[in-house]
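Residue numbers (this note's numbering): 99 to 739.
Just so it is clear, CB atoms sit at the ideal spot from N, CA and C, and this is done for glycine as well.
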């Protein structure tokens, strides 16, 4: 017989007043349990009263849990929510896995508020006993209905990473790894991705050995010991999913060798026959991108030469012969289409694996085929230059929001692709071929702020090109330092105006990067002997005057200066030259009592030069630059007080 509201309140009062003698009032607790058979009011009261005294009646534990479970399945959503809210109070000792199991089953609810209540309850008991809660979750994942399994896996993927570190002990993480391996024996593609996300977030698997364990798991799922059926979309999809999950795990210590080998031996030969699991997906390009991303982490390969040959042959397929080639495959046909995205991937992969066998193109490829390859490279490089010029013209002057439009984003990416191909082709044209250049794949995200990205793109687009569109030596994605380094150098570009035609031709060769680098400068004009500079009286007068700007006419200097010291080189000043009758010379002379303690960062650092000038302790700030053919020199001077 169902209890009434009055009976429930009366028996609740008996138990509340009993305090330490609760066990003697078993009948009163039974009346409360019977409240689940009453109406909505009685059920709401029972949902609150049953868990309050649950721990005092161990003999009625099963009956109490079953009664609360009945309330969790009630037709009235408000009663269900109240019952679910109180469920964690039953999670003690051996009852906790059972409560976790019940809550996991309740994840199948379609009511949003109720679903959130279940999530909250699961998280609360997880903090009480993580392993016990996981036991209930994995029990339903392995044996429960599909909808429960799906939502339990999603719960783990979303909530586990937010759990306190003290909750996820080494023992708990080992339990998760063991149980997840059982689940991975039969999973869908989506489940596999979610479970790998769970495992990748475990602290104990962040080590090299831990990542290697994860790679082994992925290898098992990828079926790399079996040949690929290119016509089976599910098999192709499985391989792609597994490869994507393995990619973040690869490093110089965790190798991608087995995946790269499988792609070269089983995927590339069937590239054109692959069946895409998604209609909109360019399956060939997707496969080539994955191969390119894996190739830098490939270790020692048993069949390196044959795999390189497969890459080489596939590269030839995507690099056409020029249409004017007589008796060639394109003779009489229209101009072939250049597939830049495919070639970037294949060239990059070939470049990475080629490092391991640098004599491949010299000793392993016959002369006729190598000649054919270089003809294709040359034709492709010419097409690149045309396309690069078009892209630069289209993007010239665009900055900020203008570069964020979809059209311009595509053009910026295209510029990255063509730039990468240029760099790689340049390496292969070396004799012998070189594999030293480093490029960032065009689709790889660059970790920058939006402002930095816009600035970098604008800088690249705005660069002046030398005649002939020389092959670029870097990538668009290269990081740009916002401020010049202290030891950075400015390389002199000789002026090209009519006033400067007689100055001479300069070439430079920079070695060693920024730190410790040096700039070697040669002159094609007559050699200038090292000498001290004799300052003319006219110049001395001008410098001692209060006029900030002085125009010195031709012939005002009776000698030239050629100052080159180690200290100046370290400061970034390579050469300071002035020669009589070589053009109009502008000089700025500013008289100061004290030399400024700091110099504008945009200027070259300056160094005191003793005994080079008649003026006491003169400090020379000199910078070559092209401005209407003038040679500019800025001289600062400090008088002895």
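* Could you work out which residue in 118, 119 and 136 is closest to residue 101 when comparing CA atoms only? => 136
* Asked: Run through DSSP, which three-state label would residue 481 get?
  -> helix
* To do: Locate the alpha helix (DSSP H) running through residue 181, then write down its first and last residues.
  => 175-184
* Helix or strand or just coil, what does DSSP make of residue 367? -> helix
* Grouping DSSP H, G and I as helix and E and B as strand, with all else coil, what is residue 375? -> coil
* To do: Look at the Cβ atom of residue 365, then the Cβ atom of residue 392, and state whether they are nearer than 8 angstroms.
  => no
* Rounded straight-line distance, which links the Cα of residue 376 to that of residue 510 -> 27 angstroms
* Is the beta carbon of residue 458 sitting closer than 8 angstroms to the one on residue 386? -> no
* Which residues in the same chain have their Cβ closer than 7 angstroms to the Cβ of residue 280, if we skip the five residues on either side of it in sequence? -> 240
* To do: Can you have a look at residue 371 and say buried or exposed, based on whether 16 or more other CB atoms are within 10 angstroms of its CB?
  => exposed
* Asked: So the alpha helix (DSSP H) residue 439 belongs to, where does it begin and stop?
  -> 438-452
* Please determine, among 201, 543 and 369, the residue with the shortest C-alpha to C-alpha distance to residue 329. => 369
* For residue 172, which residues from the same chain have a beta carbon less than 6 angstroms from its beta carbon, with the 5 sequence-adjacent residues on both sides left out? -> 178
* Mind checking which residues open and close the alpha helix (DSSP H) that includes residue 512? => 504-527
* Determine the contact status of residue 206 and residue 249, defining contact as a CB-CB distance below 8 angstroms. => yes
* Asked: At what residues does the alpha helix (DSSP H) containing residue 214 begin and finish?
  -> 210-226
* Asked: For residue 166, does the three-state DSSP call read helix, strand or coil?
  -> helix
* To do: Count the other C-beta atoms from every protein chain shown that fall within 10 angstroms of the C-beta of residue 180, then say buried if there are 16 or more, exposed otherwise.
  => buried
* Asked: Could you give the residue range of the alpha helix (DSSP H) that holds residue 250?
  -> 244-257
* **residue 164 classed as buried or exposed, judged by whether at least 16 other C-beta atoms fall within 10 angstroms** => exposed
* Indicate the three-state DSSP secondary structure (helix, strand or coil) for residue 93 in the structure shown. => This structure cannot speak to residue 93, because the chain is shown only from 99 to 739.
* Can you name, in chain order, every residue of its own chain whose Cβ lies under 8 angstroms from the Cβ of residue 403, other than the five neighbours on each side? -> 455, 458 and 462
* To do: Give the range of the alpha helix (DSSP H) segment to which residue 460 is assigned.
  => Per DSSP, residue 460 belongs to no alpha helix (DSSP H) and is neither H nor E.
* To do: Would you be able to state if there are at least three C-beta pairs under 8 angstroms between the stretch 123-132 and the stretch 143-161?
  => yes
* For the 8 angstroms Cβ check, are there 3 or more pairs between the stretch 260-276 and the stretch 218-226? -> yes
* If we call anything under 8 angstroms between Cβ atoms a contact, is residue 417 one with residue 342? -> no
* residue 323 to residue 408, Cα distance in whole Å? -> 19 angstroms
* Asked: On the three-state DSSP scale, how would you describe residue 304?
  -> coil
* **residue 109 - DSSP class collapsed to helix/strand/coil** => helix
* Going along the chain, which residues of its own chain have a beta-carbon closer than 8 angstroms to the beta-carbon of residue 525, five neighbours each way excluded? -> 449, 531, 532, 533, 534 and 535
* For residue 460, collect the residues of the same chain with a Cβ closer than 6 angstroms to its Cβ; drop the 5 residues on either side in sequence, then sort them by chain order. => 530
* Neighbour-count burial assignment, residue 286, 16 or more Cβ in a 10 Å radius -> exposed
* Rounded separation between residue 109 and residue 119 - CA only -> 14 angstroms
* Asked: Would DSSP call residue 333 helix, strand or coil?
  -> helix
* To do: Tell whether a beta-carbon distance below 8 angstroms holds between residue 333 and residue 383.
  => no
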